[in-house]
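Below you'll find the structure, written out as structure tokens, and then a few comments.
Protein chains: 2
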Amino acid sequence: MVDNGDSLSLDDQICFALYAANRAVTARYRPILEELGLTYPQYLVMLVLWQEQCDNAADISNPEGLRISDLGRRLRLDTGTLTPLLKRLAEREMLTRERSSRDERVVEVRLTKKGAALRARAQGIPGRLLCGLDVQPERLIALRTELQDMLRILEETGGSSG
Amino acid sequence: MVDNGDSLSLDDQICFALYAANRAVTARYRPILEELGLTYPQYLVMLVLWQEQCDNAADISNPEGLRISDLGRRLRLDTGTLTPLLKRLAEREMLTRERSSRDERVVEVRLTKKGAALRARAQGIPGRLLCGLDVQPERLIALRTELQDMLRILEETGGSSG
DNA sequence: TCAATTAATATTGTGCACAATATAACGGTG
DNA sequence: CACCGTTATATTGTGCACAATATTAATTGA
Numbered sequence: 384m385v386d387n388g389d390s391l392s393l394d395d396q397i398c399f400a401l402y403a404a405n406r407a408v409t410a411r412y413r414p415i416l417e418e419l420g421l422t423y424p425q426y427l428v429m430l431v432l433w434q435e436q437c438d439n440a441a442d443i444s445n446p447e448g449l450r451i452s453d454l455g456r457r458l459r460l461d462t463g464t465l466t467p468l469l470k471r472l473a474e475r476e477m478l479t480r481e482r483s484s485r486d487e488r489v490v491e492v493r494l495t496k497k498g499a500a501l502r503a504r505a506q507g508i509p510g511r512l513l514c515g516l517d518v519q520p521e522r523l524i525a526l527r528t529e530l531q532d533m534l535r536i537l538e539e540t541g542g543s544s545g
Numbered sequence: 384m385v386d387n388g389d390s391l392s393l394d395d396q397i398c399f400a401l402y403a404a405n406r407a408v409t410a411r412y413r414p415i416l417e418e419l420g421l422t423y424p425q426y427l428v429m430l431v432l433w434q435e436q437c438d439n440a441a442d443i444s445n446p447e448g449l450r451i452s453d454l455g456r457r458l459r460l461d462t463g464t465l466t467p468l469l470k471r472l473a474e475r476e477m478l479t480r481e482r483s484s485r486d487e488r489v490v491e492v493r494l495t496k497k498g499a500a501l502r503a504r505a506q507g508i509p510g511r512l513l514c515g516l517d518v519q520p521e522r523l524i525a526l527r528t529e530l531q532d533m534l535r536i537l538e539e540t541g542g543s544s545g
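So the protein lines, in turn, are chains A and B.
According to the numbering used here, the first sequence holds residues 384 to 545 in order.
According to the numbering used here, the second sequence holds residues 384 to 545 in order.
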């Protein structure tokens, strides 16, 4: 079973392994996130906002807010995905969307109290997921590192030449 | 940077690494598959059909065809995804959808000549992708194995108990 | 100052994913 | 045969993803 990279067998394709594993993990998250009223991409957005709030804990007034473009950079998502997603989260009062007064093009996203409070309920989620998984933590960390490396390589060797 | 599984940091989450890497790989495929007029999930369907055709090479008449339910099992997709996808591929004459005469519930999917011929043009795709990627093949195979293991574990420890 | 350019977000359209439900066909039992 | 539970696929509705385009605001430059 040598993989010279030219096989068209489904089972030989790393791309399919990635595709199927990703959906399986998302499916595992789904019922847990449903308790919080979040979809998986919405959860990722909240993770960024919660992180941001921690980083800005020193500031009292937190005047900045996170731009949609910054969210997009972190999550690798564009506005076609983020705009409606953020509107749904805003409808549920998890966050606010406000035009920046300094630059009217910019929309600043901020957690509401409700959104910030949700963090406590999300705290146990990563643990609960790994819990049901019979895999050594070191192996998961190794896998994560490999995936991050691959992502970095894919993003660095970007566009047209190949 | 210890990961006890309780971090809510985006960068610590294997789930995000999986999510982002999957989309990055899919994005890398997109322009190549566009040459064949296929989306990425459509490509996966074609992979299964091409494989099936190879396996049945001994049969001359190939009366069986692949059931939608079999496709779904292999790709881990349900009819809500597959039915419209297969209709689009049928419109483009890549495959045919026919009710089984023996069991009218079943829809049998078969490659057309055009669909079968596309295999030749797809042959080089895995190679072209890995080519632009500065990663040792062994590392990719190891990553694939890890992902397949994870998928298996996720599917075995299935539903409600946790 | 005002046209041109750039930047940030929004909108539109297509194609997945998936939950929930519907439809139709099979298979067995009385 | 009529009834019933099961199986296979289809349909509907919601929510991503992403390409392409539009909109509005800031910036630059004659």
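Using N, Cα and C, we set each Cβ at its ideal position, and we do this for glycine too.
Residue 493/A: member of the beta strand (DSSP E) spanning 490-494, first to last residue. Distance between residue 531/A and residue 485/B, taken at the CA atoms: about 50 Å. Spanning the alpha carbons of residue 430/A and residue 490/A requires a straight line of approximately 19 Å.
Residue 500/A counts as exposed, since fewer than 16 other C-beta atoms from the protein chains shown sit within 10 angstroms of its C-beta. From the beta-carbon of residue 425/A, no residue of chain B is found nearer than 9 Å; the closest lies around 13 Å away. Residue pairing by DSSP places residue 481/A opposite 491/A in a beta bridge. For residue 461/B, the closest Cβ of chain A is not nearer than 8 Å. Closest option to residue 513/A, judged by alpha-carbon separation, among 537/B, 494/B and 406/B: 537/B. The beta carbon of residue 504/A sits closer than 7 Å to the beta carbons of 419 from its chain, once the five residues preceding and following it are set aside; these are given in chain order. If you look at residue 528/B, you'll find it in the alpha helix (DSSP H) that goes 520-539.
Distances from the alpha-carbon of residue 428/B to those of 394/B, 413/B, 451/B and 438/B put 451/B closest. Ranking 407/B, 390/B and 392/B by CA distance to the CA of residue 397/A puts 407/B first. At least one CB atom of chain B sits nearer than 8 Å to the CB of residue 403/A. Residues 433 of the same chain have their beta carbon placed closer than 7 Å to that of residue 502/A, with the five preceding and five following residues left out of the count. A straight line joining the alpha-carbon of residue 528/A with that of residue 475/A spans about 35 Å. Residue state for residue 449/A is assigned as strand, using DSSP reduced to three classes.
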